[in-house]
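Student: Below are the structure tokens for one structure; questions will follow.
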Amino acid sequence: MAEHTSSSITVDAAPQAVMDVIADFPRYPEWTGEVKEAEVLGRDARGRAEQVRLLLDAGAIKDEHTLAYEWIGDEEVREVRWSLVKSQMLRSLDGVYRLTPLDGGHRTEVMYQLTVDVKIPMLGMIKRKAEKVIIDRALDGLKKRVESGGAAQDTREDTN
942 MAEHTSSSIT VDAAPQAVMD VIADFPRYPE WTGEVKEAEV LGRDARGRAE QVRLLLDAGA
1002 IKDEHTLAYE WIGDEEVREV RWSLVKSQML RSLDGVYRLT PLDGGHRTEV MYQLTVDVKI
1062 PMLGMIKRKA EKVIIDRALD GLKKRVESGG AAQDTREDTN
């Protein structure tokens, strides 16, 4: 089994508010540094993205790839997984966001796990470091986006 890198962060928002930001692919260029374009290529019967094309520019690494998404949960999606469909630079890419409600659902622990295999030879230690940087930037950007009101406001529950 391939090695993976993971990290987590706590977001001061309900899980649904976090998932709303994760699922809003066209707005990724607004809050992620590396994603310059995001286009939903296909949706499932519930309107959730099944395939997304992403154009990345992370300085020395520029790539366009397509990812397939799987949403886990019917009423409340608490996990989303993705895997590589095609890429210019990557051999494989598998990831997951797993959301765990905290404090009665007012806060959320977000765990992000990532496994990347590039087409060019790279030492495992360097690859893990790159994965860690990607994960930490993504979690930080997600937290800032959600907590600044980047999620749909109508998904918040009345706390009375």
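Counting from 942, one number per residue, gives the positions in the sequence shown under my numbering.
Think of the CB as a built atom: it goes at the ideal place given N, C-alpha and C, for glycine as much as any other residue.
Since we're looking at a predicted model, the values are computed, not measured.
When the Cα atoms are used, what is the spatial distance from leucine 1043 to aspartate 1077?
Tutor: Indexing the sequence shown from 1 puts residue 1043 at position 102. Indexing the sequence shown from 1 puts residue 1077 at position 136. Computed Cα separation, rounded: 20 angstroms.
Student: Whose C-beta lies closer than 6 angstroms to the C-beta of isoleucine 950 among residues of the same chain, with five residues either side of it excluded?
Tutor: Start at 1 with the first residue of the sequence shown, and residue 950 comes out as number 9. If we look at isoleucine 950 and ignore the five residues flanking it on each side, its Cβ neighbours are Val1051, Leu1080 and Lys1084.
Student: Quick check on the DSSP output: the beta strand (DSSP E) that includes valine 1018 runs from which residue to which?
Tutor: To locate residue 1018, count along the sequence shown from 1; it is residue 77. Run containing valine 1018: none; DSSP gives neither H nor E here.
Student: Where in the region 962-1001 do unbroken runs of the beta strand (DSSP E), each at least 3 residues long, occur, reported from the N-terminal end onward?
Tutor: List check, beta strand (DSSP E) in window: 976-984 and 990-999.
Student: Exposed or buried, what is arginine 1097 when buried is set at 16 or more other beta-carbons lying within 10 Å of its beta-carbon?
Tutor: For the purposes of this step, residue 1097 is identified with residue 156 of the sequence shown, where counting begins at 1. Low confidence applies here, because arginine 1097 scores a pLDDT of 35, under 50, leaving its location unreliable; read the following figure in that light. With fewer than 16 Cβ atoms within 10 Å of its Cβ, arginine 1097 is classed as exposed.
Student: Tell me the DSSP secondary structure of alanine 1009 in three-state form.
Tutor: Locating residue 1009 in the sequence shown gives position 68, counting from the first residue. Looking at alanine 1009 - three-state DSSP - the assignment turns out to be strand.
Student: Only counting the same chain, and skipping five residues up and downstream in sequence, which positions put a Cβ closer than 7 angstroms to that of glycine 1091?
Tutor: In the sequence shown, residue 1091 corresponds to position 150, counting from 1. Here the set comprises Val962 and Trp972.
Student: Which value, in whole angstroms, describes the spacing of the CA atoms of glutamine 1094 and alanine 954?
Tutor: Against the sequence shown, residue 1094 aligns to sequence position 153. Against the sequence shown, residue 954 aligns to sequence position 13. Caution applies to glutamine 1094, whose pLDDT of 43 falls short of 50 and renders its modelled position unreliable; the model cannot decide the point.
Student: To the nearest angstrom, report how far apart glycine 1046 and methionine 960 are at their CA atoms.
Tutor: The residue you call residue 1046 lines up with position 105 of the sequence shown. The residue you call residue 960 lines up with position 19 of the sequence shown. If I take the Cα positions, the gap works out to 13 angstroms.
Student: Starting from the Cα of alanine 979, find the closest Cα among Tyr1038, Ala964 and Thr1056 and give me that residue.
Tutor: One-based indexing of the sequence shown puts residue 979 at position 38. The shortest C-alpha separation from alanine 979 is found at Ala964.
Student: May I have the straight-line CA-CA distance separating glycine 1082 from serine 1028, to the nearest angstrom?
Tutor: For the purposes of this step, residue 1082 is taken as the residue at position 141 of the sequence shown. For the purposes of this step, residue 1028 is taken as the residue at position 87 of the sequence shown. Roughly 24 angstroms separates the two Cα atoms.
Student: Give the secondary structure of methionine 1030 by DSSP, where H, G and I count as helix, E and B as strand, and everything else as coil.
Tutor: By one-based count along the sequence shown, residue 1030 stands at place 89. It is coil, neither helix nor strand.
Student: Looking at the secondary structure, which residues open and close the beta strand (DSSP E) in which serine 1089 lies?
Tutor: As a first step, residue 1089 must be located in the sequence shown, where it is residue number 148. Careful: serine 1089 lies outside any beta strand (DSSP E) and carries neither H nor E.
Student: Between which two residues does the beta strand (DSSP E) holding isoleucine 950 run?
Tutor: The residue given as residue 950 occupies position 9 in the sequence shown. 946-952 is the span of the beta strand (DSSP E), which, as asked, contains isoleucine 950.
Student: On the CB-based measure, 16 or more other CB atoms within 10 Å of its CB, does arginine 1086 come out buried or exposed?
Tutor: Residue mapping note: residue 1086 aligns to position 145 of the sequence shown, counting from 1. Result: buried.
Student: Among Leu1031, Tyr1038 and Ser1089, whose alpha-carbon lies nearest the alpha-carbon of threonine 946?
Tutor: Here residue 946 refers to the residue found at position 5 of the sequence shown. Among Leu1031, Tyr1038 and Ser1089, the Cα nearest to that of threonine 946 is on Tyr1038.
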